[in-house]
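Going by numbering that gives the first Met the number 0, the first residue of the sequence shown is number 0, and it counts up by one from there.
Have a look at the structure below, then the notes.
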Amino acid sequence: MKTSAAGNKINNYNASGMLGLLLDCAKNNAGRKRNGKTYSATMKELGTLIFVLGGPLLYSILLENLGFPSLTTVRRKLFSKYPIKEGYFRGLELKNFLEERDLPFIIWLSEDGTRVNGRVQYDLRTNQIIGFVPPLDKDGLPTTDSFPATSAAEIKSYYDKGVVSSNAYLIVAQPLSPNAPSFCLCLYRTDNSFTAADVSQRWSWTKHFLEQLDIKIAGFSGDGDSKVLSAMYSRTFTERPATK
0 MKTSAAGNKI NNYNASGMLG LLLDCAKNNA GRKRNGKTYS ATMKELGTLI FVLGGPLLYS
60 ILLENLGFPS LTTVRRKLFS KYPIKEGYFR GLELKNFLEE RDLPFIIWLS EDGTRVNGRV
120 QYDLRTNQII GFVPPLDKDG LPTTDSFPAT SAAEIKSYYD KGVVSSNAYL IVAQPLSPNA
180 PSFCLCLYRT DNSFTAADVS QRWSWTKHFL EQLDIKIAGF SGDGDSKVLS AMYSRTFTER
240 PATK
């Protein structure tokens, strides 16, 4: 697994060294206003790691008590270093992920949805209104960039006609090798109104897409969603895609 120099530096700190890092940061920013504080690359890496592992609530507590980089700084670092676009299948990124870790080019795909609090926001990076459910195309794939913020009238139409998402849907690739980490292949919003046919069509497209990158899919799986189970049954026992 490749790591940055800053990441290696974090690994070299023991418990007392970690406290020393925090102490150095506190001394460096003593007397400075909130907007004037600076942080080393190592401190930013540490803050990002804690944010990912502990979540925003824990990080907010540590931020107020231990002087970590701001939430804005950590989120900016995450978005710049690990950009994930809604509905985009990260095939090339998956290939690089497997190559860098010397993993076999054979994976298992799993998918699951989880409830979220629906909220509509403006994304400055993409000039998109996010929070609505993207429409699915003929291959069962979410259509990216479906809600551009081009005008006030256009934005109003999204509220009038669009559906605010109630679920986040995640598709994960698991390399078939002991102790191999999983990889987020795609993430998008949904209201869980897709069909078994949508699932089957998406699987067929994904299989063809990854084959072009020399990546083989050993199988598909999901949670107890009846539409996913129907698609699995159709592919396993009838060798034809679901139609409903």
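Think of the CB as a built atom: it goes at the ideal place given N, C-alpha and C, for glycine as much as any other residue.
{"query": "Contact set for F104: own chain, Cβ-Cβ below 7 Å, skip 5 residues either direction", "result": "L97, D213, I214 and K215"}
{"query": "Residue nearest to I49 in terms of C-alpha spacing, selected from F67, S145, N95 and G30", "result": "F67"}
{"query": "Option in T113, S39 and G30 with minimal Cα separation from C24", "result": "S39"}
{"query": "N34 beta carbon less than 8 Å from that of L113", "result": "Residue identity differs from the one stated: residue 113 is Thr in this sequence, not Leu. The answer is no: Cβ separation not under 8 Å."}
{"query": "Buried or exposed by the 16-neighbour rule on C-beta atoms within 10 Å, applied to Y232", "result": "exposed"}
{"query": "Separation of T189 from I128, as counted between CA atoms", "result": "15 Å"}
{"query": "For K155 and I170, the rounded distance between their alpha carbons", "result": "31 Å"}
{"query": "Whole-angstrom distance between P82 and L21, CA atom to CA atom", "result": "28 Å"}
{"query": "Delimiting residues of the alpha helix (DSSP H) encompassing A151", "result": "A151 to K160"}
{"query": "Identity of the residue in P180, G130 and L62 nearest T143 by Cα", "result": "G130"}
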